[in-house]
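If you read the protein sequences in the order shown, they are chains A and B.
Here the first sequence is numbered in my numbering, starting from 13 and rising by one per residue.
Here the second sequence is numbered in my numbering, starting from 13 and rising by one per residue.
Just below is one structure, and these are the notes that go with it.
2 protein chains.
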Amino acid sequence: MATQIRKDYILDRWVIVASERVKRPTDFAPRIREVSRRGTCPFCPGNEKMTPPASLIYIPSNGGIKRDKDSNGERTSNWLVRCVPNLYPALTPRKPLPLTGNEFHEIRDGIGAHEVIIESPTHDEHPHLASIKQLQLVLQAYLDRLREFSIWEYASIFRNHGKEAGASLSHAHSQIIATPMVPKLIAEELSACKNLYLKNNVCPFCKIIEIEHESPRFIYENRGFMALTPWASVYPFEFWILPKKHQHTLLQMKEIKDFAEALKKCLGSLARALNDPPYSYGFHIAPFKGNHEYFHWHLEVYPKLTIQAGFENSTGMFINIIPPESAAETLRNSIE
Amino acid sequence: MATQIRKDYILDRWVIVASERVKRPTDFAPRIREVSRRGTCPFCPGNEKMTPPASLIYIPSNGGIKRDKDSNGERTSNWLVRCVPNLYPALTPRKPLPLTGNEFHEIRDGIGAHEVIIESPTHDEHPHLASIKQLQLVLQAYLDRLREFSIWEYASIFRNHGKEAGASLSHAHSQIIATPMVPKLIAEELSACKNLYLKNNVCPFCKIIEIEHESPRFIYENRGFMALTPWASVYPFEFWILPKKHQHTLLQMKEIKDFAEALKKCLGSLARALNDPPYSYGFHIAPFKGNHEYFHWHLEVYPKLTIQAGFENSTGMFINIIPPESAAETLRNSIE
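Below, the structure is given as structure tokens:
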């Protein structure tokens, strides 16, 4: 394939799909793995005192699951999933400060929230290794914390896996940052989505699902979800998981088991195909306030196999050395 | 300082300046250095056959410098600066292909150019170590190649230093990629700049230079240039170098010696203050075609000390743990 420059489905974001730079997946350097130091892991059971008190825990109770939280300076230990404030928060809930900026020094107060969702008592139980039952609890915790954070403008749920993808601790965990404004990329996506919705009278993401189901970018589907490598993938082996039903926010999701299954299958395929590479994922959801019916939430997974540097950072254009069609084929063939 | 959320001078780009996450500069991990393998370096003198023929070389001649290029399959060896096509180009000049996209699969042909500028015959002569005289040659080569590439829409000149910043070879080199379209970030900057110019009747960058000269974000100045850490720095220790005279493109620069000096001083300060960290830099210049008089070219330097991951990639918001004012103080104090 001759090198192409592709535009994202809806965003004004362009990617050079540089197949003349192409390397086969197996050409990526094998990953150097950090040894996980279980004894000092602040997220492992027994070390609960190393984190702030939990804002939410799930504990087994009468054959079911009970929601609870730490209180009175005590820490509960027999949890299955545990949410705690981040010890080094990017944003914190506090009384707003009066701030004055000017035309060239615009400023907002850095209030919000930043929590860690510890996904399992078992240190290495990452999504591709976890049971569907455990993953359902993790997703339930996402929904519970999202609901709690709906007093803010937006909340980003994301996961960094592996040191090269920014994970400072190797214990299976996700993060959630609630922001006092709608982030730029989400605002751009909302706006583009709204314009296309008004123009075509159909949600662009519903349309994308329909088109890509029959394309070489299709990876996987079950009753509720479909996975694909996007047309203008920014990262090699980037893929998205989208709900088949039109839902503007994750809070509308009822098909938790289907999503857990899609997540495990697709991340498992990535781990098998590329030797458990570092990756990040992030949810794209509608902001809490206002009418965003036209939006379609989805999860974007960004494997970290190459380094973005001077060209990307100073132009906002990207170079992807793996055509999404090859990536989809590899991922499709590694689904188990 | 309480955590703030700052907007870029002109772009709709927001950065969480999270001082509660702050680490002192010395807390950054010492860099693990690759051993440079001089014997097999394709950019070292004697190995010219390992690259495509040079499109431009500077060679000493009668006490001055002569421009030349490789021809007839031969390689000239006594060069001071050497420009060659990238062996794994992101974009290549060739006959355009007819391409058909559709509403959700927009596409352009991947034509353009991608060259490497080998900055010195000496393997490790990076800008902070090079003589002003050698740096002037490098900058002259930038200008010469830019002129050559002005048949395209835009050309990005950038430099990746260190493995973590994407440099696959450690020999001192820059790169230039000519694109068949104006990249997104440059287009956004042009548009914002034009609006502010029309509104205030003054170039916003000229205004920024005036304001920041007296601010805690000032780093350095000489006759022709000023360096500052931008108000909403995306990266810890990010800094910009701007021409004091209003010039919309690098091609207008006459003050090559002043710029060489500013570059050496500021990159030297970064290397001394933070143990020669990995970094990238990229020029922001006006596109070749059209009237962009209102734009003000500049160089942006992005040290690579932290990892951008799930949050940044899925929201387009950034977290910077070093306030630009602290970064400027550190860099100011390390200028020699």
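Positions of the beta carbon are idealized from the N, C-alpha and C atoms, including for glycine.
Keep in mind that this is a model prediction, so the values were computed, not measured.
Less than 8 Å between the beta carbons of residue i and residue j, yes or no?
{"i": "B:Ser245", "j": "B:Val27", "result": "yes"}
{"i": "B:His126", "j": "B:Cys218", "result": "no"}
{"i": "A:Phe295", "j": "A:Ile169", "result": "yes"}
{"i": "A:Ser346", "j": "A:Arg284", "result": "yes"}
{"i": "A:Gln148", "j": "A:Ala66", "result": "no"}
{"i": "B:Arg157", "j": "B:Tyr293", "result": "no"}
{"i": "A:Leu181", "j": "A:Phe55", "result": "yes"}
{"i": "B:Arg25", "j": "A:Ile119", "result": "no"}
{"i": "A:Phe230", "j": "A:Ile253", "result": "no"}
{"i": "A:Tyr314", "j": "A:Ala274", "result": "no"}
{"i": "A:Thr63", "j": "A:Leu99", "result": "yes"}
{"i": "B:Val195", "j": "A:Met329", "result": "According to the sequence shown, residue 195 of chain B is Pro rather than Val. It is a contact, given that the beta carbons lie within the stated cut-off."}
{"i": "A:Tyr291", "j": "A:Cys205", "result": "no"}
{"i": "A:Asp121", "j": "B:Gln16", "result": "yes"}
{"i": "A:Phe300", "j": "A:Ser162", "result": "yes"}
{"i": "B:Ala6", "j": "B:Pro228", "result": "As displayed, chain B neither begins before 13 nor continues past 348, which places residue 6 of chain B out of reach and without an answer."}
{"i": "A:His258", "j": "A:His304", "result": "no"}
{"i": "A:Leu23", "j": "A:Glu200", "result": "yes"}
{"i": "B:Ile297", "j": "B:Thr318", "result": "no"}
Exposed or buried, residue i, counting other C-beta atoms within 10 Å across all chains shown (16 or more means buried)?
{"i": "A:Val29", "result": "buried"}
{"i": "B:Pro335", "result": "buried"}
{"i": "B:Lys61", "result": "exposed"}
{"i": "B:Tyr21", "result": "buried"}
{"i": "A:Leu11", "result": "Residue coverage of chain A in this structure runs from 13 to 348, which leaves residue 11 of chain A outside it and unanswerable."}
{"i": "A:Asp39", "result": "Only weak support is given to the placement of A:Asp39: the predicted model assigns it a pLDDT of 45, under 50, and the value that follows is read from those uncertain coordinates. That one is exposed."}
{"i": "A:Val47", "result": "Note that A:Val47 scores 49 on pLDDT, short of 50, meaning its location in the model is unreliable and no value can be drawn from it."}
{"i": "B:Tyr154", "result": "buried"}
{"i": "B:Thr112", "result": "exposed"}
{"i": "A:Asp82", "result": "buried"}
{"i": "B:His173", "result": "buried"}
{"i": "A:Pro72", "result": "exposed"}
{"i": "A:Pro108", "result": "exposed"}
{"i": "B:Lys316", "result": "buried"}
{"i": "B:Phe249", "result": "buried"}
{"i": "A:Pro110", "result": "exposed"}
{"i": "B:Val214", "result": "exposed"}
{"i": "A:Arg36", "result": "Low confidence applies to A:Arg36: its pLDDT is 39, below 50, so where it sits in the model is not reliable enough to give any reading."}
Out of the options, state which residue places its alpha-carbon closest to the alpha-carbon of residue i.
{"i": "B:Thr88", "options": "B:Gln148, B:Ile69, B:Lys78 and B:His140", "result": "B:Ile69"}
{"i": "A:Leu282", "options": "A:Gly302, A:Ala321 and A:Thr241", "result": "A:Thr241"}
{"i": "B:Trp91", "options": "B:Phe161, B:Ile130, B:Ala102 and B:Glu324", "result": "B:Ile130"}
{"i": "A:Ala142", "options": "A:Glu341, A:Leu279 and A:Arg120", "result": "A:Leu279"}
{"i": "A:Ala321", "options": "B:Met329, B:Gly178, B:Asp121 and B:Leu343", "result": "B:Gly178"}
{"i": "A:Ser31", "options": "A:Glu348, A:Lys211, A:Ile331 and A:Thr104", "result": "A:Ile331"}
{"i": "B:Pro105", "options": "B:Lys316, B:Leu208, B:Pro192 and B:Glu226", "result": "B:Pro192"}
{"i": "A:Lys277", "options": "A:Asn234, A:Ile123 and A:Lys206", "result": "A:Asn234"}
{"i": "A:Ala239", "options": "A:Tyr247, A:Lys211 and A:Ile221", "result": "A:Ile221"}
{"i": "A:His225", "options": "A:Arg344, A:Leu275 and A:Pro139", "result": "A:Arg344"}
{"i": "B:Cys95", "options": "B:Pro133, B:Ala340 and B:Ala298", "result": "B:Pro133"}
{"i": "A:Gly124", "options": "A:Pro139, A:Ala339, A:Asn114 and A:Glu165", "result": "A:Glu165"}
{"i": "B:Leu208", "options": "A:Phe116, A:Glu312 and A:Gly76", "result": "A:Phe116"}
{"i": "A:Gln146", "options": "A:Ala184, A:Phe161 and A:Glu337", "result": "A:Ala184"}
{"i": "A:Phe353", "options": "B:Ala167, B:Met13 and B:Lys266", "result": "With chain A running from 13 to 348 in the structure shown, residue 353 of chain A is simply not present."}
{"i": "B:Asp288", "options": "B:Pro139, B:Glu337 and B:Gly302", "result": "B:Pro139"}
Have a look at the DSSP bridge pairing and note the partners of residue i.
{"i": "B:Gln187", "result": "B:Val128 and B:Phe170"}
{"i": "A:Ile71", "result": "A:Lys78"}
{"i": "A:Val96", "result": "A:Val128"}
{"i": "A:Trp252", "result": "A:Leu240 and A:Glu312"}
{"i": "B:Arg120", "result": "A:Ile17"}
{"i": "B:Ile268", "result": "B:Ile268 is not bridged to any residue."}
{"i": "B:Ser292", "result": "B:Asn172 and B:Tyr314"}
{"i": "A:Val27", "result": "A:Arg18 and A:Phe330"}
{"i": "B:Glu233", "result": "B:Met238"}
{"i": "A:Asn114", "result": "A:His117"}
Answer yes or no: does any C-beta atom of chain E fall closer than 8 Å to that of residue i?
{"i": "A:Arg120", "result": "Protein chains A and B are contained in the structure displayed, whereas chain E is not."}
Mind checking the region 215–233 of chain A against chain B and listing, in chain order, the residues whose C-beta falls within less than 8 Å of any C-beta there? Listed in sequence order: Pro216, Lys219, Ile220 and Ile223.
When Cβ atoms are compared, which residues of the region 288–314 of chain B fall closer than 8 Å to chain A? Along the region 288–314 of chain B, the positions whose C-beta sits under 8 Å from a C-beta of chain A are Ser292, Tyr293, Gly294, Phe295, His296, Glu312 and Tyr314, read in chain order.
For the region 242–253 of chain A, which residues have a CB atom closer than 7 Å to at least one CB atom of chain B, in sequence order? Within the region 242–253 of chain A, Trp243 place their CB atoms closer than 7 Å to a CB of chain B, listed in sequence order.
Interface residues of the region 263–286 of chain A facing chain B [CB-CB below 7 Å]: In summary, no residue of the region 263–286 of chain A has a CB separated from any CB of chain B by less than 7 Å.
Interfacial residues, the region 69–87 of chain A to chain B, with Cβ spacing under 7 Å: The residues in question: there are none.
Positions along the region 155–167 of chain A whose CB lies within less than 7 Å of some CB in chain B: Against chain B - using a Cβ distance shorter than 7 Å - the region 155–167 of chain A contributes no residues.
What residues in the region 322–337 of chain B bring their beta carbon closer than 8 Å to a beta carbon of chain A? The region 322–337 of chain B vs chain A, Cβ under 8 Å: Gly322, Phe323, Asn325, Ser326, Thr327, Gly328, Met329 and Ile331.
Against chain B, which members of the region 181–197 of chain A pass a CB distance test of less than 8 Å? So the list reads Gln187, Ile189, Thr191, Pro192, Met193, Pro195, Lys196 and Leu197, given in the order they occur along the chain.
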